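Student:
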Amino acid sequence: MASKKRTSSNGSTRTKPQARHAAKKSSASTKSSPKSKGGKKAASSARSRTKAPTSSRGSKILGVLDRGTVRDPGLSDERLLELYATMVRTRVMEERALVLQRQGRIGFYVPCTGQEASHIGTAAALMDSDWIFPAYRQAGIPLLRGVSMEQIVDEWYGNDGDICKGRQMPVHYSFRSAHFVTISSPIGTQLSHAVGAAMAAKYRGEDTVTMTYCGDGGTSENDFHCALNFAGVYASPCVFICENNGWAISTPLEYQTASETMAVKAEAYGIPGVRVDGNDILAVYQVTKEAVDRARQGKGPTLIESLTYRVGPHSSSDDPTRYRGDAEVTDWKNKDPLERFKKYLRSRRLLTPKQDEALFAAAKEEVNAAVKAAEQKPNPTVSSMFDDVYRDLTPQLREQRDELLSLGEAKSEHEGYFPL
Amino acid sequence: MATMTLLEGIRDGLFTEMRNDDRVLCFGEDVGRNGGVFRTTDGLQKEFGEERCFDTPLSECGIIGTAIGMAMYGLRPVPEIQFQDFIFPAFDQIVSEAAKIRYRSGGEYTCPMVIRTPYGGGIRGGHYHSQSGEAYFCHTPGLKVVIPSTPADAKGLLISSIRDEDPVLFLEPKKIYRTMKGEVPEGEHVVPLGKGRIVREGKDCTIVAYGAMVETCEKAADELKKQRGIDVEIVDPRTLVPLDEKMILDSVRKTGRLVTVYEAPKTGGFGGEIAAIVAENAIGSLEGPIVRVAGFDTPFPYTLEGIYMPDVRRVVRGVERTFEW
Ligand SMILES: Cc1ncc(C[n+]2csc(CCOP(=O)(O)OP(=O)(O)O)c2C)c(N)n1
Ligand SMILES: [Mg+2]
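Sequences listed follow chains A and B, in order.
Position 141 (the first sequence) corresponds to 144 in my numbering; numbering is contiguous.
Position 254 (the second sequence) corresponds to 493 in my numbering; numbering is contiguous.
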């Protein structure tokens, strides 16, 4: 296979990494694949994620704030301010969580900083009765849907106020009251759940739409393909949001797919795929609203590729300087979704600097209070560890629990460190 | 000899065998540029280039499936699954394909590859970064299952696994990646598969443990000696498949007692298999009941991790129980 060259929008020609990966040295095999040249640093900071559009569909980036390629959704002033306030609360919450992690007060964190517009804007296009099947980087959605800061922070601490009873790592929430489905770590598994739930709603004659999220890395898992295929076949009222932030931990987009875009993948499954500027909340909202409306009208699923960036580490254990350059981060910080939205609100005279400051101050207060409360709550009881495996304790579980309790008090000590 | 951590022992094994054999390739999620999320493969890409150490798309099924193809074609792939908890998208490829290729083709095709993956609890990883799934794989004929518990064994067993003609699942006890230190021979160092290790000799009770549990059992043995005068012998089988049954049986015939210790949920765990082997072959030597000290039959919890995992207290209690009946 000859190495495939591609011209990126910044004009440089780079070699696809796959060609360089071809195994060529084999004592058992006589055949060797051609060695490709050039592009030593596949993930150099010069790499651009905006590839030259070559296919008709799924390549144009839709935007309101700077691009004018999609219409302003015309949200009410109150709604605009609510969305902005949710973004502010999310931003403040994430910053605080990382500090708590560094201080050793919580075990782990996955910040979504930089991606607030992408998930808050998409979720905002739903009705409250619609269901969300999240990945782990959509922390603003529970806030948007009315979950209290205290419920969220209790989950970080895994204390006995935590809805999940301290069973999962931080950010693996479950908020049934907000139709926000329990999060698991394995990438991509939620995607077909959303399709199934959408099929169930359709079967029951209800007009619920389901929305589900994954990252650019998530598109490589089998589940992504199963989900899009099923959704296409059954015309399920489901909307897929691929938050393309260019990285899956240290793995750059170029190593994830040879597709021009993520949106174009929809085409193979016979469903529409669109790309939106994920740091432009108005565009994100508008594009998603159209997809949600289509789904609700029985016209089937849509894949939305939301172009965004995590400006922080993959998680509290990650050191992004190992794999990406500062220039790229600075570039994206200049496209900060909060700043862009703020500018818009200012231009429409909906927000004064004073009001803005007050929003940040209130959010800090809100998080502080939640942290204070969480730190006063005890761990879940030892006996609670045996609950919810099944509806009823099995005889074996009862025996194991009783035997453990008979040993008396023990401390749960954490020794290792978490790398990811 | 150099002092290394368990993780460094593994890395040294990879370097040694990649220098030794250009059929060896390492790949997986974040193993190249980043050197693995635990840094186990750090420096490999620098020394061997992107052709031999590379990052893959986020697909365990793809990683293992392509490794199988490479192995059939004559390479010695050493794919990494970032956490054993994430191996399940590749379960079909491992169980239905890698493990059965030799048998189903009458030996025409083989699948010599090593799947490296960190497993086990102890790092505050919650449900999905803590599990011990060895039993699923031990139940798969055609697959070997190896678990080191010291830096030197990690290196020597890994090299043997890479040289083995059959697929090997190499489970790395991540809790002790950095805390377990020891002398590791430089260069060529081979620990054969199928040979256990007597961790310490004793005459009153045999404990069979592997991975991070070996260390816990050593501490428990100290306690038992100090507080009760009980002299424990610890056997680390090092490879679960094939298992050094002789070493375990010889030990139990000597001590007359057996406790098996494993992190995985108790029901269906590998310690139960060891108990069955002893019951079948050495029941006449037993002077007390066989006891399993294991994880509970619940998913792996987050906050209560330290209570879920077998600890010194529970191992001590388990040994005591072999004397109470
Ligand atoms: C099945 C599975 N494999 C590997 C992992 C480890 N892991 C956690 S996050 C991640 C990268 C995900 O990247 P992406 O889908 O782009 O989402 P992002 O983190 O960028 O939001 C990986 C490899 C996992 N959680 N699940
Ligand atoms: Mg990503």
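Every residue gets a Cβ at the ideal spot worked out from N, C-alpha and C, and that includes glycine.
It should be emphasised that the depicted structure is a prediction, and the values quoted were computed from it without experimental measurement.
1. If contact is defined by three or more beta carbon pairs under 8 Å, each pair taking one atom from either stretch, is the stretch 398-411 of chain B in contact with the stretch 435-447 of chain B?
2. Could you list which residues in chain A have their beta carbon closer than 9 Å to that of Glu-454 of chain B, in chain order?
3. Rounded to the nearest angstrom, what separates Val-317 of chain B and Leu-283 of chain B at their Cα positions?
4. Do we get a CB-CB distance below 8 Å when we pair His-368 of chain B with the residues of chain A?
5. Name the chain E residues whose beta carbon is nearer than 7 Å to that of Phe-243 of chain A?
6. When we look at the beta-carbon of Val-236 of chain A and count the other beta-carbons within 10 Å, is it buried (16 or more) or exposed?
7. How should Leu-408 of chain A be labelled, buried or exposed, when 16 other C-beta atoms within 10 angstroms of its C-beta is the threshold for buried?
8. Using CA coordinates, which residue listed in B:Ser-388, B:Cys-377, B:Gly-361 is at the minimum distance from Ile-333 of chain B?
9. Within the same chain, show all residues whose beta-carbon is closer than 6 Å to that of Ala-100 of chain A, passing over the 5 residues directly before and after it, in chain order.
10. Measuring alpha carbon to alpha carbon, tell me which residue in B:Gly-301, B:Gly-381, B:His-366, B:Phe-330 is nearest Ile-340 of chain B.
11. Please decide whether Leu-103 of chain A counts as near chain B, where near means a Cβ-Cβ distance under 8 Å.
12. Enumerate, from N- to C-terminal direction, the unbroken beta strand (DSSP E) stretches of 3 or more residues contained entirely within the stretch 359-400 of chain B.
13. Report the neighbours of Leu-147 of chain A on chain B: residues whose CB is nearer than 7 Å to its CB, in chain order.
14. What span of residues does the alpha helix (DSSP H) with Val-453 of chain B cover, start to end?
15. To the nearest angstrom, how far is the alpha carbon of Thr-185 of chain A from that of Glu-402 of chain A?
16. Answer with buried or exposed for Glu-425 of chain B, where buried requires no fewer than 16 other C-beta atoms within 10 angstroms of its C-beta.
17. With burial defined as no fewer than 16 other Cβ atoms inside 10 Å of the residue's Cβ, what is the status of Thr-242 of chain B: buried or exposed?
18. Could you check what DSSP says for Ser-253 of chain A in three-state terms: helix, strand or coil?
19. Does ligand 1 have a heavy atom nearer than 7 Å to the CB of Asn-248 of chain A?
20. Report yes if the C-beta of Asp-219 of chain A is less than 7 Å from at least one heavy atom of ligand 2; otherwise report no.
21. Classify Tyr-348 of chain B as buried or exposed, calling it buried when 16 or more other Cβ atoms lie within 10 Å of its own Cβ.
22. Compute the minimum distance between the beta carbon of Ala-261 of chain A and the heavy atoms of ligand 2, and state whether it is under 7 Å.
23. Pull up the DSSP beta-bridge partners for Trp-134 of chain A, would you.
24. Taking the alpha carbon of Thr-72 of chain A as the point to measure from, which residue in A:Val-150, A:Gln-289, A:Gly-199 has its own alpha carbon closest?
25. What three-state label does DSSP hand Thr-445 of chain B in the structure shown?
26. Spatial neighbours of His-196 of chain A within its chain, please: C-beta separation below 8 Å, excluding the five flanking residues on both sides.
27. Candidates B:Met-257, B:Ile-303, B:Glu-484, B:Glu-373: which alpha carbon is nearest Gly-267 of chain B's?
28. Provide the residue(s) that pair with Pro-240 of chain A in DSSP beta bridges, ordered along the chain.
29. Where does Ile-186 of chain A sit, in a helix, a strand or coil, going by DSSP?
30. So, are the CB atoms of Leu-245 of chain B and Ile-415 of chain B less than 8 Å apart?
31. Compare the Cα-Cα distances from Gly-169 of chain A to each of A:Glu-369, A:Glu-412, A:Arg-394, A:Val-385 and report the closest residue.
32. First and last residue of the beta strand (DSSP E) that includes Ala-533 of chain B?
33. Please classify Arg-92 of chain A: is it buried, with 16 or more other beta-carbons within 10 angstroms of its beta-carbon, or exposed?
34. Quick one: complete beta strand (DSSP E) runs, 3+ long, within the stretch 303-389 of chain A?
35. What is the C-beta distance between Cys-245 of chain A and Ile-307 of chain A, in whole angstroms, given that I count them as a contact (C-beta under 8 Å)?
36. Could you check if Arg-531 of chain B belongs to the surroundings of ligand 1, using beta carbon to heavy atom distance under 7 Å?
Tutor: For this structure:
1. no
2. In chain order: nothing, as chain A lies at least about 11 Å away.
3. 12 Å
4. yes
5. Annotation note: the requested chain E is absent from the structure, which comprises protein chains A and B.
6. exposed
7. exposed
8. B:Cys-377
9. Tyr-112
10. B:Gly-381
11. no
12. 383-385
13. Neighbours of Leu-147 of chain A on chain B: none; closest Cβ ~25 Å, over 7 Å.
14. 452-467
15. 29 Å
16. exposed
17. exposed
18. coil
19. yes
20. yes
21. exposed
22. no
23. A:Thr-213
24. A:Gln-289
25. strand
26. Phe-136, Val-184, Thr-215
27. B:Ile-303
28. Beta-bridge pairing links Pro-240 of chain A to no other residue.
29. coil
30. yes
31. A:Val-385
32. 530-534
33. buried
34. 305-310
35. 7 Å
36. no
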